[in-house]
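K.L.:
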Amino acid sequence: MKKAFNYWACVFTTWMGLTLLLQAQDPVIDIVNTSTGGVKPVPIALSGYTGEVAKVLRFDLEVAGFIIVAEDVAQYSLAGRNETDVEGRLTDRLSKASLLAKKYADASPRTQAHALADDVIQAIHRTPGVCRTRIAFKTEHGTSSEISISDYDGNNAVELTHDRAIVAAPTWIPGRKSLLYTSYRAGYPDIYSHALATGERKPVARYSGLNTSAAVSPDGRRVAMILSKSGSPDLFVSDLDGGNLVQLTKTKEDESSPCWSPDGSRICVASRVSGAVSLYTVNSRGGEMTRLRTAGVTRCTEPDWSPDGKSIVFTSQMGGFQICTVPASGGEAQILVEGEDPSWAPNSRTVVFVRRNKGQRTLSLLDVPTKRVKNIPLNLGNCSQPAWAK
Amino acid sequence: MKILTSFPVLFLAALLAAGAVGCKKGPKNVTTIEGRRTTAPGPDNMSGTNPGVGKGVNNGGTLTDDGSSKSNNVKIGNIDEEGLGKRPNPDDVTEDSLILASQTVSFEYDKSSVKSSERSKVEAAAAYLKNEPRYLLKVEGHCDERGTEEYNRALGERRALSIREYLLTLGVSADRVTTISFGKDRPAVPGHDESAYSQNRRGAFIVLKPKQ
Chain A
40 MKKAFNYWAC VFTTWMGLTL LLQAQDPVID IVNTSTGGVK PVPIALSGYT GEVAKVLRFD
100 LEVAGFIIVA EDVAQYSLAG RNETDVEGRL TDRLSKASLL AKKYADASPR TQAHALADDV
160 IQAIHRTPGV CRTRIAFKTE HGTSSEISIS DYDGNNAVEL THDRAIVAAP TWIPGRKSLL
220 YTSYRAGYPD IYSHALATGE RKPVARYSGL NTSAAVSPDG RRVAMILSKS GSPDLFVSDL
280 DGGNLVQLTK TKEDESSPCW SPDGSRICVA SRVSGAVSLY TVNSRGGEMT RLRTAGVTRC
340 TEPDWSPDGK SIVFTSQMGG FQICTVPASG GEAQILVEGE DPSWAPNSRT VVFVRRNKGQ
400 RTLSLLDVPT KRVKNIPLNL GNCSQPAWAK
Chain B
9 MKILTSFPVL FLAALLAAGA VGCKKGPKNV TTIEGRRTTA PGPDNMSGTN PGVGKGVNNG
69 GTLTDDGSSK SNNVKIGNID EEGLGKRPNP DDVTEDSLIL ASQTVSFEYD KSSVKSSERS
129 KVEAAAAYLK NEPRYLLKVE GHCDERGTEE YNRALGERRA LSIREYLLTL GVSADRVTTI
189 SFGKDRPAVP GHDESAYSQN RRGAFIVLKP KQ
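Respectively, the protein sequence lines represent chains A and B. The opening position of the first sequence corresponds to residue 40 in the working numbering, with each subsequent residue numbered one higher. The opening position of the second sequence corresponds to residue 9 in the working numbering, with each subsequent residue numbered one higher.
(1) From the DSSP output, which residues share a beta bridge with Arg-400(A)?
(2) In angstroms, rounded to a whole number, what distance separates the CA positions of Asp-201(B) and Glu-116(B)?
(3) Relative to chain B, which residues along the region 282-299 of chain A have a C-beta separation below 8 angstroms, given in chain order?
(4) Between which two residues does the alpha helix (DSSP H) containing Leu-175(B) stretch?
(5) Check the Cβ-Cβ distances between Pro-218(B) and every residue of chain A, and say whether any is below 9 angstroms.
(6) Provide the residue span of the alpha helix (DSSP H) that contains Phe-98(A), from first to last.
(7) What residue range is occupied by the uninterrupted alpha helix (DSSP H) comprising Gln-207(B)?
(8) Using a C-beta to C-beta distance shorter than 9 angstroms, which residues of chain A count as neighbours of Leu-106(B)?
(9) Does the region 140-151 of chain A come into contact with the region 109-125 of chain A, if we say contact requires no fewer than three beta-carbon pairs (one atom in each stretch) closer than 8 angstroms?
(10) Per the DSSP calculation, Leu-117(A) is bridged to which residue(s)?
(11) Taking 9 angstroms as the CB-CB cut-off, is Tyr-205(B) touching chain A?
(12) Do Leu-137(B) and Gly-149(B) have their beta-carbon atoms positioned less than 9 angstroms apart in this structure?
(13) Taking the continuous beta strand (DSSP E) assigned at Thr-364(A), which residues delimit it?
(14) In whole angstroms, give me the CA-to-CA distance for Arg-165(A) and Ile-306(A).
(15) Using a beta-carbon distance below 9 angstroms, is Gly-211(B) in contact with chain A?
(16) Counting only runs of 3+ residues fully inside the region 241-292 of chain A, write out the beta strand (DSSP E) ranges in chain order.
(17) Need the endpoints of the alpha helix (DSSP H) that Lys-129(B) sits in, please.
(18) So Glu-185(A) contacts chain B; which residues on that side make the cut at Cβ distance below 8 angstroms?
(19) Return the chain-ordered list of same chain residues with a C-beta closer than 7 angstroms to the C-beta of Val-185(B), the five sequence neighbours on each side being excluded.
(20) Determine the DSSP secondary structure at Val-112(A), reduced to helix, strand or coil.
(21) Quick one: which residues of the region 263-274 of chain A get their C-beta closer than 7 angstroms to a C-beta of chain B? List them in chain order.
(22) In whole angstroms, what separates the C-alpha of Ser-147(A) from that of Lys-291(A)?
(23) Please confirm whether Met-264(A) and Val-285(A) have their CB atoms less than 9 angstroms apart.
(24) Can you pull out the residues from the region 157-188 of chain B whose beta carbon lies closer than 7 angstroms to at least one beta carbon of chain A?
(25) In angstroms with no decimal places, state the Cα-to-Cα distance between Asp-347(A) and Val-316(A).
(26) Is any beta-carbon of chain A found at less than 9 angstroms from that of Pro-141(B)?
(27) Note down the Cα distance separating Ile-70(A) from Ile-160(A), rounded to an integer number of angstroms.
(28) Could you tell me whether the region 149-156 of chain A touches the region 196-206 of chain A, where touching means 3 or more Cβ pairs closer than 8 angstroms?
(29) For a contact meaning CB atoms closer than 9 angstroms, what does Tyr-88(A) contact in chain B?
(30) Do Pro-385(A) and Val-95(A) have their C-beta atoms within less than 9 angstroms of each other?
(31) With a cut-off of 8 angstroms, do at least 3 Cβ pairs link the region 395-411 of chain A to the region 317-329 of chain A?
(32) State yes or no: is the beta carbon of Glu-341(A) nearer than 9 angstroms to at least one beta carbon in chain B?
(33) So which residues on chain A does Asp-193(B) lean against when the C-beta distance must stay under 9 angstroms?
(34) Can you find a C-beta in chain B that's less than 9 angstroms from the C-beta of Gly-420(A)?
(35) For Ser-128(B), count the other beta carbons within 10 Å of its own beta carbon; 16 or more makes it buried, fewer makes it exposed. Which is it?
(36) Going by DSSP, what residue range makes up the beta strand (DSSP E) through Leu-139(A)?
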């Protein structure tokens, strides 16, 4: 997806001296910002861009932990133009060093702008940008709901299902353009897989009772899910086609929302096994449930393991809903922002989540280090359960 | 009791139609695919309306073909191996949500056990089923909007299962009661206050009347 089109790189300058400059740089983003409690956003100036390209660059960079400022107070300067194709020169204003100079082609202005933003993010954060990734989410239509997919910023949204039933809990098969989700289309909640390229849809689990909350292992081979066929909602794992089903938890109380560790060895799941709902991990091949310590917060659900394995993002319910993170081995939880149902981006930095205002639910993007939030500005209707494609 | 005895027949018919019957060993050892519905599935409401989508969802009789058929067996009948009632085919029954509407069970916040004050409603539903031996029952579990979404879907199922467990202790046959959870997707009333919440935390009885 990152190389969905060809672009010409490095038209007028090169990366000469870049390595030296990066070594000399002050790690500005590590300074704590007192207003949000997060690290300070990186000040960057934009010049020469107009219309949609300017809008896209601004949005992408703000989501990635930058703040757009005037030239004289900026640490970095991104200058360029977009009369025809998008061009960009990124300069470190302190050292005057050129960090990037590229011209883009063979794609829409919007995609070119996303590609430039990704390159800027890579040059400064030294981690790949996520501006050309996609998300899936649930969209409500009265008493029914469907699954939609869109760019990470909500653009190019397409409704994937037309079941005229409740369809919920979308999740991507890692590395593939396929989704799993729960649909009530046959009268009961069942799990289906859906290949985007062919439209082919296959049932994965249709047992008596509840079949929901599918999550595919990072190698794309196994599915964790919640089934109630045993008499209570428990955690199960099967092959991607539903075969070789194994029951991992056998509690009287209910489990929900499993997710996988990036190495596939463990599954984190919410459970009420010891009273108030909290997070547990269990070996994905079977074993005891181990409680994940989330000091400082209670009633934890909806875990999502970061792709780098370090952190689990989840929802805590203490009055309202809060997006929190905790080290994957457990420990002190950090409350980030009000919201629910978080899903990590592939960069292990950005999180898409749901904000509620009375009955209306909208999607927002959180930059975890700076704790800054950008609402997805499009009116996509009542949305929830976002899942970031990885 | 007519409908109960006819279910296995329908089941076999569905399997034969799907062409996936391991009948060679005789009816006693029919190998079926775990998770497959006991009767023919509901209509494929997507076909024609959404080209390219749902091609793989056929009539439901050939669910998860080779993958699970190797390893899993289910007894023929109206109860699966763990004792949950088989789902009736929505096409074979008429749903009546009004007959037992006054017996809708309410739940405490974040709890799934049937309160003692609500037991008489479950008992009334059990008595109704005793008088209407042909009818089946679907128990719907619902939640208020205060939990997270999939948590509520699980909680709603737990609520429906609690009601089902009580029905069974009252002598209702396990094969007559199925459960479904709607989480917070189908509130009884709109609103975002305790009055709405208490009405939305509920277990509703849907009587399923077999079509002739």
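Built from N, CA and C at the ideal position, the CB exists for glycine as well. Fair warning: this is a prediction, and the values are worked out from it, not measured in the lab.
P.N.:
Result, derived from the coordinates:
(1) Arg-395(A), per the DSSP bridge assignment.
(2) 15 angstroms
(3) Gly-282, Asn-283, Leu-284, Glu-292, Asp-293, Glu-294, Ser-295, Ser-296
(4) 157-177
(5) no
(6) 90-102
(7) 202-208
(8) Chain A residues near Leu-106(B): none, gap ~18 angstroms exceeds 9 angstroms.
(9) Two segments are said to touch when three or more pairs of C-beta atoms, one from each, lie closer than 8 angstroms; by this definition the region 140-151 of chain A touches the region 109-125 of chain A.
(10) Leu-85(A), Leu-129(A)
(11) Cβ-Cβ to chain A under 9 angstroms: no for Tyr-205(B).
(12) no
(13) 359-366 is the span of the beta strand (DSSP E), which, as asked, contains Thr-364(A).
(14) Roughly 29 angstroms between the two C-alpha positions.
(15) no
(16) 250-255, 261-266, 273-278
(17) Judged by DSSP secondary structure, Lys-129(B) falls within the alpha helix (DSSP H) whose first and last residues are 127-139.
(18) Near Glu-185(A) there are no residues of chain B at all, since even the closest Cβ is about 10 angstroms away, more than 8 angstroms.
(19) Gly-93, Leu-145, Val-147, Arg-172, Leu-175
(20) DSSP places Val-112(A) in helix when its eight states are reduced to three.
(21) Ile-265, Ser-267, Lys-268, Ser-269, Gly-270, Ser-271, Pro-272
(22) 54 angstroms
(23) no
(24) Glu-157, Glu-158, Tyr-159, Arg-161, Ala-162, Leu-163, Glu-165, Arg-166, Leu-169, Thr-186, Thr-187, Ile-188
(25) 26 angstroms
(26) no
(27) With a pLDDT of 38 at Ile-70(A), under the threshold of 50, the predicted position of this residue should be treated as unreliable, and no value is reported.
(28) no
(29) Going along chain B, no residue has its Cβ under 9 angstroms from Tyr-88(A), so there is no contact; the nearest lies around 37 angstroms.
(30) no
(31) Cβ pair count under 8 angstroms is below three, so no.
(32) yes
(33) Annotation: Cβ neighbours of Asp-193(B) in chain A (cutoff 9 angstroms, chain order): Glu-179, Thr-182, Ser-183, Ser-184, Ile-205, Ala-207, Tyr-223.
(34) no
(35) exposed
(36) 137-142
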